[in-house]
Amino acid sequence: MAREQPPKPVQLCVFDTEHDYPEGEEAQRILAYYPPDACSVDDQTSVIGLAQALLTFNANFEGEATCDSMHAQRHVWAFHRPQTHIMMLAVIDQGWLPSTTSDDGLRAVLRQAYAQFVLIHGPLHASLATDGQTKASLQTILTETAARLLRAKSADLLTLASPLSMVGGVPWLPLDNHVFTAVHSLASQLTVTDMGGGQMVQGVMLLHGHHCLWSSQCQQDTVSLYRLAATALVPASQGPSIGKRLATATSALRSQQAEPTYPVMSYKAWVRSPDNFLSMRPPAGSTETDQLLVPTLHLQGDEEQLALLGYCQGNALLILLLSQRGMVSSTTQHAVARLAHGPLRRISQATAEQLTAHGHGHVPGFRYLFVDHMLTAVQASPQSKVATLSPESLELMTSAQAELQSMGSSQGSNREVVVRGTHDCWVVARHRNQRELYIVMEGKGEVGLAGAAELATDFADKHFAALF
Amino acid sequence: MTAPAAAGALAHVCMRATGLDLSHDKPSARMRYDEGTGIILFTEGQQVQAYSTSPSATTQQPLWVASPGEGDPIASLSVSLDGAILAVQRGTAFLQFVHLKSSKLFVQGPKSRTRILSFFWCPSEGCDFVMATGQGLELYQRLPQGQGLRYKGSRKHPTTWCTYSHESRIVLLATGQGGLWLQAYQVTNDAVLKLPPFQLGPSASQQASPKSGPSQRVSPQDIRILTIYCRIYCAHIDHPHKRLVLYRFFKDAVVLQHTYEIYSRSIELSVHDNVLLVHHLDSSTVLLLDVRARTNGPIVGPLPLAIALENQDDQSVPASIHASMREDHLEREGRVEVASSSSAAASTSGSISTASGGPDHLDSCHWSFQPPNLILDTQACKVWRCEVDIAAVGRTCTDWPLLLAILQRRHPLLHPTCDIKALLLAIVKGALLEQLNMCTVKQIFDACALGYAEACAAPPSPHQGIIPSSPESRGRALRLAAPALAPQEVELKVLRWLHEEEATGVQYLEAAIAQYLASCSWQGIAVPAGLRLLSIDVALLRGHKHQVVSSLHQQGGGWDSGALAAHLERLARKGELAEAWQLALDMYARLGMHDKHCQMLLAKGKVVQALRCAQEHQVQTIAPDSFLVKGAETGQPLPQHCCRHPDTGRTSCIMAPTEGSGAF
């Protein structure tokens, strides 16, 4: 008998709320569940059953079966309904979850997982009807999402826990005009050039590190694509560290087993070619070829299906959405490299210079987060600087954030919260016209309420002119 | 032998008669050109006659006639820059000076008592006249009454031969048997500057190669001093290597900058409008070079010289080219092809090449090339100017980016018959209509932007190199009404036109606009707001709404303009871009256009916000009752007291509702 494993602090599931299943067959409601093997089907159905009961109960008051989150004694339950009749649920151990995590953050994790699924497999309802592999794919997404949170020193968990970062936002980088025009020129040049054999570039996204510089896609696709790029392509483009490479080499020596196949949203599934192209790792045992294997993405609500090819220079990563799916020929690779090599390198250099000149967005004395809901854009202090804040300041920030959001739309479009902690720290939170600005100022306890508001106004005028 | 093509045949360079025609008067006179004063000197026996070459001088009367006495035949002549004194050389020991008004004579020999190699007048303060001897330069100043010269000093330098260019005031002294070691002096307004010595060869400033034998001998006929784009070059016609090498003078160095292939054994150089014309006399063709072109080849294929059309009659055609007029076109075109292959073949296929090649055959066809672009027909006693026909160049050049760059550098006043700007526009428009490869389009736009940036910029600063000090050169440096395309013109006459006519695909147009914006930004050129409007419209046509919104976000306030804000407001009203409403509001706020901001809020029914805005920024253009009317329409609770101040006309409210500003 297998030894009992400690229960996982993260449980994620997707279930169907449409059909009524007879008693004893409720397990059919479950489309995917993480952890898949650690808890029994009975445990799974009991979790789903409780969730279903909550939704039904809530429907008495709200008019529809919906629920955002629930705090139980030991767990936080977060719900997300990505489409009608489908519900996603996260059950997280409160003891494990950092106290500064917001419920909205947890729901954003679910939202993101679903968006990744749609990007890679198309909308769930269509996929369920046609593809027998859908449940397995959904399971893969949940497993990957949970694994990213449970990993040691998880960046995802850090983002989730930090009130000064936004899960699901795109960090658009404001660019100097000459860099911006160079980016625009490269992107548009790519879209009007035949890449050989009728291959056309239908869409372009450009990243520098984790900053987004350009996207020709609609807002929703941009968010999903950015997430895929940030989690898989950017780490793959930077290549494994020496330690990881050593470990891979030794483990490959030790076991002659075929490498496991990784999902598209895992950076391990991607490989950087000597010519700086990012493509899928070819399956073990496949013959050597100069063509590149690329995944297909479902964009514009499944209206467009395009192949995704990455190309990097320096810290810049160019994401091309190609019209012809399948393998990318060497002709296309040459065409892309000829067109993009020089400009991309210059863009990378110029952006790096700009970032350095502006201190990577750091403003001494301030820790800030700017959220533009109209654009799903975020702009924040570097996370290394946010990490220097005391836990009390983060707690204060979390409560100010909650307060600002709870004020809701009843107060009109302009809202503001100014709050001082017991430790000489002011937090100013402002909401204006679909935009939010949070500022944490430590060691400024002496300035008083008016002084703190004035400091915040000066900061906003300087860095976000006329927005607040 | 240079044989101009008949009128009507295609040619890039035409010869324009200056109006000076003395063919009936001076059959046996010796004809000379005085560069300093720009006059033609005829010597017949012991009489000297001077004629002006300026276009305004219509009469065929001499400016003056002088008889500098009896003696040996006149070897050389030079007129002082004020036209008062004529310096005459008959031997190598001394010079005669004649006062043209009083006919008084005086004589001056070099202080060093060595052979006189050359002499010239110059406008430097304290130095009017320079004699070059085997020991260097001797500087002299005219005495107050003009009755003699006062020795003012010397620049010692062993000299084999010497050449002087009045345009750049550069005197070049060659040393050694081969004349490979060169030393230049520049006579500026207040001093005689010594420039760094240099040597002809791959690395101008290094030591001589051991192979500098007799084959490397350089004669003054192989060296020209050229002024192109306010830069001074020493051109070396290197016959053994069949190339033309340009060394550029800087204050602290002389650098080999260009090497061009040549195809003939006899070469002459002219400069017109900063285009270097390389006359290949054997093959009767002219190569056009632009030292600022990105290629090291000629701008266009070589073609023969032609005669300018307006003077086309038998009278104006030089005697020496009558024969070539009768040639048929086929033969001429044959020569064009040959010209680029080999000089030997060219000379045999040539028309009337009775004179065998060689450095002295110019005498045989009586043409003398004078700087910058004069041709003296010494037999027919006529003076011609070579001019580049820029329209013809435009018709034959197939490299559009190169052509555009070259056209932009031309001076419009020197090409009165050609509308350079129209040509430029035609090139840009044509390239986009033909949907040329975006890389080519990028090159064209880069050239456009570079040209415009240069046209806007001041003349080059002195520290970049030595600049011609003569007033006429400086005049040329000033770029009056440069023919570069301004961003407004590219926007209105090309890009917007293409958009309105739907002459190209939207995608192609979007890429073209992006390229142009990048080119402008690369040169730091401010772009008109209309171009950004167009860029946004085209992106919206392609359905890239999010791209537009994110671009405006990324630009912060970089693109802000009243026009763009108004355009966004229009887009929002038409429902083409939902986010445009907020973007326009932001832009009005950043621009400080509070009345517009306020009006927009009011139009959107945000009465309270509009009122706050009006109060905060003292907006006076909106009538108070419009707030009340709008408030009543939308049913919003309004402040109790809203009135207009009787004196100031300012809208003010006693109590505006506070919007959720709280502290805890």
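If you're matching them up, the sequences are chains A and B in order. Here the first sequence stands for residues 603 to 1070, where the numbers follow my numbering. Here the second sequence stands for residues 380 to 1043, where the numbers follow my numbering. The beta-carbon is built from N, C-alpha and C at its ideal position, and this holds for glycine as well. Just so you know, these numbers come straight off a predicted model, no measurement behind them.
The beta strand (DSSP E) enclosing residue i, as first and last residue numbers
i: K924/B; result: K924/B -> not in any beta strand (DSSP E); alpha helix (DSSP H) instead, spanning K924 to Q933.
i: W774/A; result: Per DSSP, W774/A belongs to no beta strand (DSSP E) and is neither H nor E.
i: R521/B; result: G515 to R521
Residue i, DSSP secondary structure in three states
i: H964/A; result: coil
i: V1042/A; result: strand
i: H651/B; result: strand
i: V781/A; result: helix
i: W960/B; result: helix
i: H946/B; result: helix
i: S482/B; result: coil
i: M972/B; result: coil
i: M817/B; result: helix
i: I678/B; result: coil
i: T554/B; result: strand
i: L635/B; result: strand
i: S547/B; result: coil
i: A784/B; result: helix
i: D974/A; result: strand
i: F719/A; result: helix
i: S817/A; result: strand
i: M929/A; result: strand
Pair within 8 Å by beta-carbon distance, residue i and residue j
i: Q550/B; j: L579/B; result: Note on residue identity: the sequence assigns Val, not Gln, to residue 550/B. No. Outside cutoff.
i: H925/B; j: S817/A; result: yes
i: A918/B; j: E889/B; result: yes
i: L880/A; j: C914/A; result: yes
i: I799/B; j: L782/B; result: no
i: L712/A; j: H682/A; result: yes
i: R671/B; j: Y608/B; result: yes
i: L956/B; j: L950/B; result: yes
i: R1032/A; j: S1015/A; result: no
i: I464/B; j: G417/B; result: no
i: V973/A; j: E905/A; result: no
i: L815/A; j: L775/A; result: yes
Continuous alpha helix (DSSP H) stretch holding residue i: start and end
i: K1064/A; result: G1050 to H1065
i: E746/A; result: T736 to L752
i: C899/B; result: V885 to W901
i: Q648/A; result: According to the sequence as given, residue 648/A is Ser; it is not Gln. First-last of the alpha helix (DSSP H) with S648/A: V643 to E664.
Burial state of residue i (16 or more Cβ within 10 Å)
i: R492/B; result: exposed
i: N662/A; result: exposed
i: T1059/A; result: exposed
i: L1051/A; result: exposed
i: D413/B; result: buried
i: R631/A; result: buried
i: Q1003/A; result: buried
i: R676/A; result: exposed
i: Y519/B; result: buried
i: Y1052/B; result: Residue 1052/B lies beyond the stretch modelled for chain B, which goes from 380 to 1043, so this question has no answer here.
i: P780/B; result: buried
i: S1071/A; result: Outside the displayed span of chain A (603 to 1070) sits residue 1071/A, for which this structure offers no information.
i: E517/B; result: buried
i: N568/B; result: exposed
i: S726/B; result: At S726/B, the pLDDT of 31 sits below 50, so the modelled position is not reliable; the number obtained from the coordinates is stated separately. When all chains shown are included, S726/B counts as buried.
### Task
Specify whether the stretch 499-507 of chain B and the stretch 477-488 of chain B touch according to this definition: at least 3 beta carbon pairs, one from each stretch, less than 8 Å apart.
In short, these stretches do not touch, since the Cβ pair count stays below three.
### Task
Decide if the stretch 805-814 of chain A is in contact with the stretch 887-903 of chain B; the criterion is three or more beta carbon pairs, one per stretch, under 8 Å apart.
A contact is defined here as three or more CB-CB pairs under 8 Å, and the stretch 805-814 of chain A fails this definition with respect to the stretch 887-903 of chain B.
### Message
If contact is defined by three or more beta carbon pairs under 8 Å, each pair taking one atom from either stretch, is the stretch 662-676 of chain B in contact with the stretch 633-643 of chain B?
### Response
Enough Cβ pairs lie closer than 8 Å, so yes.
### Message
Does the contact criterion of 3 or more C-beta pairs under 8 Å hold for the stretch 947-957 of chain A versus the stretch 925-939 of chain A?
### Response
no
### Query
Does the count of Cβ pairs from the stretch 917-928 of chain A and the stretch 829-841 of chain A closer than 8 Å reach three?
Flag = yes, the stretch 917-928 of chain A and the stretch 829-841 of chain A touch.
### Task
Kindly confirm or deny that the stretch 617-636 of chain A and the stretch 679-695 of chain A touch, where touching means at least three C-beta pairs closer than 8 Å.
Contact between the stretch 617-636 of chain A and the stretch 679-695 of chain A is present, with at least three C-beta pairs closer than 8 Å.
### Message
Count Cβ pairs between the stretch 755-762 of chain A and the stretch 958-971 of chain A that sit closer than 8 Å; are there 3 or more?
### Response
By the Cβ criterion, the stretch 755-762 of chain A is not in contact with the stretch 958-971 of chain A, since fewer than three pairs of Cβ atoms, one from each stretch, lie closer than 8 Å.
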